[in-house]
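Let me begin by presenting the structure, written as structure tokens, before commenting on it.
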Amino acid sequence: MTVVFNEMDGGGGTPREPYAQVADWLKTLSRADVDRALREAEAIFRRQGITFAVYGDDEAAERLIPFDIIPRVFAAAEWRKLSAGIEQRVRALNAFIHDLYHRQDILRAGKIPHEFIIQNEAFVPEMVGVMPARGIYAHIIGIDIVRVAANEFYVLEDNCRTPSGVSYMLEDREAMMYLFPELFAQQRVAPVENYPAMLRQTLESVAPAGCNGEPTVVILTPGIHNSAFFEHAFLADEMGVELCEGGDLFVDGGYLYMRTTQAPKRVDVVYRRIDDAYLDPLTFRHDSAIGVPGIFDVYRAGRVTLVNAPGTGIADDKSIYTYIPDVIEFYTGEKPLLKNVPTWRCSDPQQLAYVLDHLPELVVKEVHGSGGYGMLVGPTSTKKEIEAFRARLKARPRNYIAQPTLALSTVPTFTKSGVAPRHVDLRPFVLSGDKVRVTPGGLTRVALKKGSLVVNSSQGGGTKDTWVLED
Amino acid sequence: MLGRTASSLYWMSRYMERAENMARLLEVGYRISLMPGAIEGHRDEWRSTLQSCACDHGYAQKHDEIATAKVIDFLIFDEDNPSSIRSCIKTARNNGRAVRTALTRDVWESINATWNELAQVKPSSMTADRLPVFLEWVKQRVMSFRGALLGTMLRNDTYHFSQLGNFIERADNTARILDVKYFILLPKATDVGSDIDMQQWAQILRSVSGHRSYRWFYRDSHYRPWLISEFLILREEMPRSLIFSYGWINRGLQGLADHYGATYECHRQASETHERLRTGRMENIFQSGLHEFLQDFINANTRLSQSIATTYNFP
Amino acid sequence: MRLAIRHETHYDYDTPLAYSAQRLHLWPADYTAQKTVSWSISAPGFDRALAYTDGFGNRVHMVTFDNIVGPVSIVAEGVVDVTDTAGVVKGLVCAAPDAVFLRQTRPTTATALLRTLAEKQFAGRSALEGLHSLMTEIHARVAYEIGATHAHTTAAEAFADGRGVCQDHAHIFLAAARSAGIPARYVTGYLVTGMGASSTAAHAWAEALVPDLGWVGFDPANAKSPTDNYVRVAAGLDAAGVAPIRGSRRGGDAERMRVEVRVEIAQQ
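Chains A, B and C supply the protein sequences, listed in that same order.
Our numbering numbers the first residue of the first sequence as 1 and each following residue consecutively.
Our numbering numbers the first residue of the second sequence as 472 and each following residue consecutively.
Our numbering numbers the first residue of the third sequence as 787 and each following residue consecutively.
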């Protein structure tokens, strides 16, 4: 039986150093205080309309993501180490994407079999030869990290397309500061509320070379029915930029414009929250009704910047994930500071055989899946579920990878029966523009079900405020 | 501002106003259906209600006969009816959500809370005894929305577009009620001066929350078709009259003209209609036909709405 | 050979066009075997067109216009000098690494049948011989028949059916060559077929990367490598990627399109 690392527990009934203050504070809270705080927090979120849609849930498909009031805490030194690893990874990912769409040195060097890239759905051939402003492709990356011991962190996956969740990080902090202002008076917690300003700075810094004066930035959303619409609106509001739908933008004479109540206004940078496939019916899916015809041509000609660039998904594809440590070494010449989770590729017959023999102890994921759908968590699944999954795995082995079930760290969490440890992960957000900026902390997701390792909000996960203490 | 944002603000307010008007029409219809001796008449009453809110065709497509329960369900809950209270609030809220960033927190919370509560109401729970309370709640919620809007929004283009939606809807609504009901209620020789006659004239005023103010204003215990028409068309004192609505529409358009530094065809259209109302006299209106006058007005109002949409690049 | 070309695409609509955005692959390439003497495109909004060179070396134009009543006509025309190099393409600037042209797209996905076709042609032969053999084999097995296939027919479908047009011949060639590990690309252009004959479509063929020789053109529809009767316009992964015109519009109901291509040997 593996030992689960409880982030607050310092042994012998004393808390670990970063949690000292939180532990004291918890002792002073009565159940009634907690219930009141949770109710208030829910009311705040509900009123603000902070909801997400659950696919397949039809009517009133808007739910709140549960919020837990016990923060997750990192010491300054812990964070410095993590942050250096994150930054290294992000620089390597951008260099990797640039290379894949230009000379493909990494393929020539034989580090990755070329068919893994060339035949990959996430590789966008139309991006070949495209050099975006400052050479950056993935301006916003979310890296999912898990912890298994005091000094042992693993990267679970990279999110290089349109990572979401940053609004929860910001709102969780707002709620905590509103509900428990005294906590923030006692110690210095690194602020996260300047994220929108940093995001805007990042977006402005990658405006096309031909843009004179202050760049016009917009967010492009699929619309109010998208599960992350709240976040799109939230970020637009916080940054003070227009929130556009495809129909609000159009190409004219080789430039991109938005339709305003007056004359059309030229747009320089588009933070798009719609998938590559739907971005431009002239280049990608021709049946897309939410995209902008011709926007890719304008981008190709260097007259608008798309954030993130199309085709960045090739860097976070689960079939490429196992190569990322090599990718980091190849482009930075350094050893990776952050480790990957050991991973079996089911496309390899030998590795598949091992996976099939050890299903009850492994986590098996779809290469192209997301949101925790279509995955198997061996230890918490029934025999029947495992056998059903085995059949799917055998039918399409290339579609899956497997990893050991990591003993994710826990953080104390309020449950119906009092405070209890629950498993967590972490998604720091990283901005790349004129420089690389890592949010101090990020979004902590917590699996609210006892023993559960699935933290996705679509699967009953919640969130916590994440603190990075300052020295 | 995006053209779509302007459009969403306009329609958000329009649909909130429509929800309130619908609640009022239902209150009146419901009262009539309870009245003794109205057993025969209530079908006509519901028919005219459906006509007043331009829901008669939609209703006929779904139902063969006019029955109180069906009409109430159609006008409150039916999602196939774009003017049902539920559809109105949902559309208003979706429009508000799309332009969440243009609204103050108070306005958004008011509209969001209304939808959240309404979404919980089950059609099966709407028994006759609960209807009045529910309709009252709808009116209260719309008033809270309008109060938040008036009390917290900056007086810029955001505000002006939402006011335009509000008052174009109100003008349309009042004109339709008067047009439809007036002809049904035109005095029949046998009924003149009877109780039924009085009751029925009262409802036209109730439909616009004007039965008390009418008595205060005209100091008259009788309902006179002439005065009722004047009250709803030409009296600036009556906040649901056509002229009152056009005062607001003109101010909204003037606000946009100041904000953007330009006037357009829609400004000319709105002042022309306003001018017609300001110089209008009931005897002339009746002489050339009230029905014709109202139809002209409704068409001009619709044209203005289209013209605003074109001018300000609504999608 | 000096060739004169006129390529007109004509659109009719029942209602006015509120807005239209069109991407054109209508500009001939310039390289060792082919020099443009004169070329022009006329299209609504062309004076404000966006022009750029894509990653495959194609000259691309993007035109937009709004509020047009009546028919729309897009004409590309000009004069091009071509030399016969037995299909060998040299001096063309293409940013894309060769490996990219191994990518199988939806229409070129290789089925078992297509893989077998490829294996048979390349077994015991050099790449160049294999490619010639592949070209001849496709020409023999897939009859040229207009109307048997449509714009979205895949290589697998056309091959199984044994009928198709030049687009299908090229797709089958690409699917097979790529499955054998040879980078191959789809090429659009024009072919002079007789004195002043006009046709209703442009032509299409394939290019494959031959070791030690470079890119070489293969026209399986005619079972020969391009000569000085061919003018090369654009290259990509498949037909959809380099369609002469791809557009999106608002308004303009019931679109009717007519294409007229005229290629002739010009007076020197």
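Ideal Cβ placement from N, Cα and C applies to all residues, glycine included.
Whole-angstrom distance between residue j and residue i, CA atom to CA atom
{"i": "residue 55 of chain A", "j": "residue 456 of chain A", "result": "Caution applies to residue 55 of chain A, whose pLDDT of 43 falls short of 50 and renders its modelled position unreliable; the model cannot decide the point."}
{"i": "residue 494 of chain B", "j": "residue 696 of chain B", "result": "24 Å"}
{"i": "residue 815 of chain C", "j": "residue 119 of chain A", "result": "27 Å"}
{"i": "residue 97 of chain A", "j": "residue 482 of chain B", "result": "44 Å"}
{"i": "residue 649 of chain B", "j": "residue 853 of chain C", "result": "41 Å"}
{"i": "residue 790 of chain C", "j": "residue 819 of chain C", "result": "16 Å"}
{"i": "residue 795 of chain C", "j": "residue 1043 of chain C", "result": "7 Å"}
{"i": "residue 218 of chain A", "j": "residue 477 of chain B", "result": "17 Å"}
{"i": "residue 1018 of chain C", "j": "residue 1003 of chain C", "result": "10 Å"}
{"i": "residue 763 of chain B", "j": "residue 701 of chain B", "result": "15 Å"}
{"i": "residue 61 of chain A", "j": "residue 590 of chain B", "result": "Note on residue 61 of chain A: pLDDT 49, under 50, position unreliable in the model; the coordinate value appears next. When rounded, the distance between both Cα atoms is 11 Å."}
{"i": "residue 57 of chain A", "j": "residue 326 of chain A", "result": "Confidence at residue 57 of chain A is low in this model, with a pLDDT of 39, below 50, so the placement of that residue should be treated as unreliable; the coordinate-derived value is given next. Cα to Cα, the separation comes out at about 41 Å."}
{"i": "residue 259 of chain A", "j": "residue 252 of chain A", "result": "11 Å"}
{"i": "residue 835 of chain C", "j": "residue 227 of chain A", "result": "37 Å"}
{"i": "residue 683 of chain B", "j": "residue 281 of chain A", "result": "59 Å"}
{"i": "residue 749 of chain C", "j": "residue 339 of chain A", "result": "This structure leaves residue 749 of chain C out entirely; chain C is present only between 787 and 1054."}
{"i": "residue 421 of chain A", "j": "residue 410 of chain A", "result": "5 Å"}
{"i": "residue 175 of chain A", "j": "residue 200 of chain A", "result": "23 Å"}
{"i": "residue 466 of chain A", "j": "residue 194 of chain A", "result": "15 Å"}
{"i": "residue 957 of chain C", "j": "residue 990 of chain C", "result": "10 Å"}
{"i": "residue 576 of chain B", "j": "residue 222 of chain A", "result": "23 Å"}
{"i": "residue 148 of chain A", "j": "residue 552 of chain B", "result": "56 Å"}
Supposed close pair residue i, residue j - CB separation, criterion 8 Å
{"i": "residue 606 of chain B", "j": "residue 546 of chain B", "result": "Rounded, the Cβ-Cβ distance is 10 Å, inconsistent with contact."}
{"i": "residue 437 of chain A", "j": "residue 162 of chain A", "result": "The pair is not a contact, with the Cβ atoms about 18 Å apart (cut-off 8 Å)."}
{"i": "residue 609 of chain B", "j": "residue 490 of chain B", "result": "6 Å"}
{"i": "residue 464 of chain A", "j": "residue 439 of chain A", "result": "Actually they do not touch by this definition, with Cβ atoms about 15 Å apart."}
{"i": "residue 297 of chain A", "j": "residue 809 of chain C", "result": "6 Å"}
{"i": "residue 811 of chain C", "j": "residue 963 of chain C", "result": "Not a contact, Cβ separation roughly 22 Å."}
{"i": "residue 961 of chain C", "j": "residue 1047 of chain C", "result": "Their Cβ separation, rounded to whole angstroms, is 26 Å, which puts residue 961 of chain C and residue 1047 of chain C out of contact at 8 Å."}
Beta-carbon spacing of residue i, residue j below 9 Å
{"i": "residue 676 of chain B", "j": "residue 653 of chain B", "result": "no"}
{"i": "residue 231 of chain A", "j": "residue 473 of chain B", "result": "no"}
{"i": "residue 330 of chain A", "j": "residue 122 of chain A", "result": "no"}
{"i": "residue 403 of chain A", "j": "residue 342 of chain A", "result": "yes"}
{"i": "residue 45 of chain A", "j": "residue 171 of chain A", "result": "yes"}
{"i": "residue 995 of chain C", "j": "residue 970 of chain C", "result": "yes"}
{"i": "residue 265 of chain A", "j": "residue 401 of chain A", "result": "no"}
{"i": "residue 229 of chain A", "j": "residue 568 of chain B", "result": "yes"}
{"i": "residue 784 of chain B", "j": "residue 261 of chain A", "result": "yes"}
{"i": "residue 867 of chain C", "j": "residue 792 of chain C", "result": "no"}
{"i": "residue 573 of chain B", "j": "residue 480 of chain B", "result": "yes"}
{"i": "residue 461 of chain A", "j": "residue 66 of chain A", "result": "yes"}
{"i": "residue 220 of chain A", "j": "residue 270 of chain A", "result": "yes"}
{"i": "residue 841 of chain C", "j": "residue 125 of chain A", "result": "yes"}
{"i": "residue 472 of chain A", "j": "residue 291 of chain A", "result": "The displayed coordinates of chain A run from 1 to 471. Any statement about residue 472 of chain A would go beyond what the structure contains."}
{"i": "residue 472 of chain A", "j": "residue 102 of chain A", "result": "This structure cannot speak to residue 472 of chain A, because chain A is shown only from 1 to 471."}
{"i": "residue 1038 of chain C", "j": "residue 799 of chain C", "result": "yes"}
Distance cut-off 8 Å: residue i Cβ against heavy atoms of the ligand MN
{"i": "residue 477 of chain B", "result": "The ligand MN is absent from the structure shown, which contains no ligands of any kind."}
> Quick one: complete alpha helix (DSSP H) runs, 4+ long, within the region 184 to 265 of chain A?
Replying inline: Taking only runs of at least 4 residues, the alpha helix (DSSP H) segments lying wholly in the region 184 to 265 of chain A are 195 to 205 and 229 to 239.
> Where in the region 740 to 765 of chain B do unbroken runs of the alpha helix (DSSP H), each at least 4 residues long, occur, reported from the N-terminal end onward?
Replying inline: With a minimum length of 4 residues, the continuous alpha helix (DSSP H) runs that stay inside the region 740 to 765 of chain B are 753 to 759.
> Of all the residues that make up the region 112 to 129 of chain A, which are near chain C by a beta-carbon distance shorter than 7 Å?
Replying inline: Per Cβ criterion, the list reads 114, 118, 119, 125, 128 and 129.
> the region 879 to 912 of chain C: which residues have C-beta closer than 7 Å to a C-beta of chain A, in chain order?
Replying inline: Those would be 881, 882, 883, 885, 886, 888, 889 and 890, in chain order.
> At which residue ranges does the region 902 to 954 of chain C contain complete beta strand (DSSP E) runs of 3 or more residues, listed in the order of the chain?
Replying inline: Listed in chain order, there is nothing to give.
> In chain order, which continuous runs of the alpha helix (DSSP H) of length 4 or greater are located wholly inside the region 559 to 632 of chain B?
Replying inline: Listed in chain order, the complete alpha helix (DSSP H) runs (minimum 4 residues) inside the region 559 to 632 of chain B are 576 to 591 and 602 to 623.
>> Quick check for students: name the residue ranges of the beta strand (DSSP E) that lie wholly in the region 388 to 422 of chain A, counting only runs of 3 or more.
In response: Runs found: 400 to 404 and 410 to 415.
>> Counting only Cβ-Cβ distances shorter than 9 Å, please list the residues of the region 241 to 273 of chain A near chain C, keeping chain order.
In response: Of all residues in the region 241 to 273 of chain A, 250, 251, 252, 253, 254 and 255 have a Cβ within less than 9 Å of some Cβ in chain C.
> If contact means a Cβ-Cβ distance below 7 Å, which residues of the region 614 to 644 of chain B contact chain A?
Replying inline: For the region 614 to 644 of chain B, which is checked against every Cβ of chain A, the residues closer than 7 Å are 628.
> Listed from N- to C-terminal order along the chain, which residues in the region 273 to 300 of chain A have their beta-carbon within a distance smaller than 9 Å of any beta-carbon of chain B?
Replying inline: So nothing in the stretch comes that close.
> Can you give, in chain order, each stretch of the beta strand (DSSP E) that sits fully within the region 56 to 118 of chain A and has at least 3 residues?
Replying inline: List check, beta strand (DSSP E) in window: 67 to 74.
>> Which complete beta strand (DSSP E) runs does the region 833 to 907 of chain C hold, if anything under 3 residues is left out?
In response: Fully enclosed beta strand (DSSP E) runs of no fewer than 3 residues occupy 836 to 839, 845 to 854 and 858 to 868 of the region 833 to 907 of chain C, in order along the chain.
>> Short of 7 Å Cβ to Cβ, which residues in the region 436 to 465 of chain A face chain C?
In response: Of all residues in the region 436 to 465 of chain A, none places a beta-carbon less than 7 Å from a beta-carbon of chain C.
> At a Cβ cut of 8 Å, what residues of the region 203 to 228 of chain A count as close to chain B, listed as they run along the chain?
Replying inline: Within the region 203 to 228 of chain A, the residues whose Cβ lies closer than 8 Å to any Cβ of chain B are, in chain order, 223 and 224.
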